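A quick write-up on the structure given underneath.
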Amino acid sequence: GAFDHTRPPVAAGAVGLARRAMDEAIAYASQRKTMGAPIASHQAISFMIAEMATGVEAARMLTYKAAYEIDQGRRNTLYASMAKGFAGDHCNKVCADAVQ
305 GAFDHTRPPV
315 AAGAVGLARR
325 AMDEAIAYAS
335 QRKTMGAPIA
345 SHQAISFMIA
355 EMATGVEAAR
365 MLTYKAAYEI
375 DQGRRNTLYA
385 SMAKGFAGDH
395 CNKVCADAVQ
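Positions 305 to 404 (this note's numbering) are the ones given, in order, by the sequence shown.
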(Lines of atoms letter the chains of each structure in order from A and count residues from 1; the text may use other names and numbers.)
(Lines give C-alpha, C1' and ligand atoms only; values in the text may rest on other atoms or scores of the structure.)
Protein backbone atom coordinates (compact mmCIF):
# COMPACT_ATOMS: atom_id res chain seq x y z
CA GLY A 1 0.00 0.00 0.00
CA ALA A 2 0.83 3.66 -0.04
CA PHE A 3 2.09 3.65 3.53
CA ASP A 4 4.68 0.97 2.78
CA HIS A 5 7.00 3.66 1.40
CA THR A 6 6.18 6.45 3.84
CA ARG A 7 6.46 4.63 7.16
CA PRO A 8 10.19 3.81 7.02
CA PRO A 9 11.23 7.49 6.71
CA VAL A 10 8.97 8.35 9.65
CA ALA A 11 10.63 5.55 11.62
CA ALA A 12 14.07 6.83 10.61
CA GLY A 13 13.19 10.29 11.90
CA ALA A 14 12.07 8.82 15.21
CA VAL A 15 15.31 6.84 15.46
CA GLY A 16 17.29 10.03 14.88
CA LEU A 17 15.34 11.95 17.50
CA ALA A 18 15.72 9.14 20.02
CA ARG A 19 19.45 8.89 19.33
CA ARG A 20 19.94 12.61 19.86
CA ALA A 21 17.93 12.59 23.09
CA MET A 22 19.96 9.61 24.30
CA ASP A 23 23.26 11.32 23.39
CA GLU A 24 22.20 14.43 25.30
CA ALA A 25 21.20 12.32 28.31
CA ILE A 26 24.56 10.53 28.25
CA ALA A 27 26.45 13.82 28.04
CA TYR A 28 24.47 15.29 30.92
CA ALA A 29 24.79 12.15 33.06
CA SER A 30 28.54 12.10 32.45
CA GLN A 31 28.98 15.76 33.48
CA ARG A 32 26.50 16.09 36.36
CA LYS A 33 27.96 14.96 39.67
CA THR A 34 26.33 13.90 42.91
CA MET A 35 28.40 12.96 45.93
CA GLY A 36 31.55 13.51 43.89
CA ALA A 37 30.71 11.05 41.12
CA PRO A 38 28.94 11.45 37.77
CA ILE A 39 25.31 10.40 37.95
CA ALA A 40 26.05 8.04 35.04
CA SER A 41 27.93 5.87 37.53
CA HIS A 42 24.71 5.19 39.46
CA GLN A 43 23.18 1.85 38.55
CA ALA A 44 19.66 3.18 37.95
CA ILE A 45 20.95 5.79 35.47
CA SER A 46 23.20 3.26 33.74
CA PHE A 47 20.31 0.84 33.34
CA MET A 48 18.09 3.60 31.94
CA ILE A 49 20.74 4.53 29.38
CA ALA A 50 21.25 0.87 28.47
CA GLU A 51 17.51 0.49 27.84
CA MET A 52 17.57 3.62 25.70
CA ALA A 53 20.46 2.28 23.62
CA THR A 54 18.89 -1.16 23.21
CA GLY A 55 15.64 0.31 21.97
CA VAL A 56 17.35 2.77 19.63
CA GLU A 57 19.32 -0.05 18.00
CA ALA A 58 16.23 -2.28 17.75
CA ALA A 59 14.28 0.54 16.12
CA ARG A 60 17.18 1.20 13.75
CA MET A 61 17.32 -2.45 12.68
CA LEU A 62 13.55 -2.59 12.10
CA THR A 63 13.83 0.55 9.98
CA TYR A 64 16.71 -0.93 7.98
CA LYS A 65 14.71 -4.13 7.42
CA ALA A 66 11.70 -2.18 6.15
CA ALA A 67 13.92 -0.22 3.75
CA TYR A 68 15.71 -3.40 2.65
CA GLU A 69 12.43 -5.05 1.72
CA ILE A 70 11.58 -2.05 -0.49
CA ASP A 71 15.02 -2.26 -2.12
CA GLN A 72 14.41 -5.94 -2.86
CA GLY A 73 11.12 -5.11 -4.55
CA ARG A 74 9.08 -6.92 -1.92
CA ARG A 75 6.04 -5.69 -0.06
CA ASN A 76 7.10 -4.43 3.35
CA THR A 77 3.78 -3.69 5.03
CA LEU A 78 4.59 -5.73 8.14
CA TYR A 79 8.12 -4.37 8.61
CA ALA A 80 7.12 -0.79 7.78
CA SER A 81 4.34 -0.90 10.36
CA MET A 82 6.56 -2.53 12.97
CA ALA A 83 9.36 -0.01 12.39
CA LYS A 84 7.11 3.05 12.56
CA GLY A 85 5.18 1.82 15.59
CA PHE A 86 8.19 0.70 17.61
CA ALA A 87 10.45 3.61 16.66
CA GLY A 88 7.77 6.18 17.45
CA ASP A 89 6.90 4.63 20.79
CA HIS A 90 10.52 4.20 21.78
CA CYS A 91 11.35 7.76 20.74
CA ASN A 92 8.65 9.05 23.09
CA LYS A 93 10.00 6.89 25.92
CA VAL A 94 13.62 7.94 25.37
CA CYS A 95 12.70 11.63 25.24
CA ALA A 96 10.63 11.34 28.42
CA ASP A 97 13.42 9.47 30.23
CA ALA A 98 16.11 11.85 28.95
CA VAL A 99 14.55 14.88 30.61
CA GLN A 100 14.38 13.25 34.04
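Beta carbons: idealized from backbone N, C-alpha and C, even for Gly. Computed from a predicted model, the values in this text were never measured in an experiment.
Residues in its own chain within less than 8 Å of residue i by CB, not counting five upstream and five downstream?
i: residue 346; result: 338
i: residue 394; result: 318, 322, 359, 360, 362 and 363
Starting from residue i and walking both ways along the alpha helix (DSSP H), at which residues does that stretch end?
i: residue 376; result: Segment: none, residue 376 is in no alpha helix (DSSP H) and carries neither H nor E.
i: residue 305; result: No alpha helix (DSSP H) holds residue 305; DSSP gives it neither H nor E.
i: residue 398; result: 381 to 402
For residue i, collect the residues of the same chain with a Cβ closer than 7 Å to its Cβ; drop the 5 residues on either side in sequence, then sort them by chain order.
i: residue 307; result: 384
i: residue 325; result: 398, 399 and 402
i: residue 309; result: 374
Sort out for me which residues DSSP pairs residue i with in a bridge.
i: residue 337; result: 342
Check the Cβ-Cβ distances between residue i and every residue of chain B, and say whether any is below 8 Å.
i: residue 336; result: The displayed structure is made up of one protein chain only, and chain B is not part of it.
Taking 8 Å as the cut-off, decide whether the C-beta atoms of residue i and residue j are in contact.
i: residue 278; j: residue 314; result: Since the first residue shown for the chain is 305 and the last is 404, residue 278 is missing from the structure and cannot be characterised.
Might you give, ordered along the chain, the residues of its own chain that have their beta carbon closer than 6 Å to the beta carbon of residue i, omitting 5 neighbours on each side?
i: residue 392; result: 318
i: residue 341; result: none
i: residue 374; result: 380
Pairing CB atoms from the segment 330 to 344 with CB atoms from the segment 358 to 373, are three or more of them under 8 Å? no
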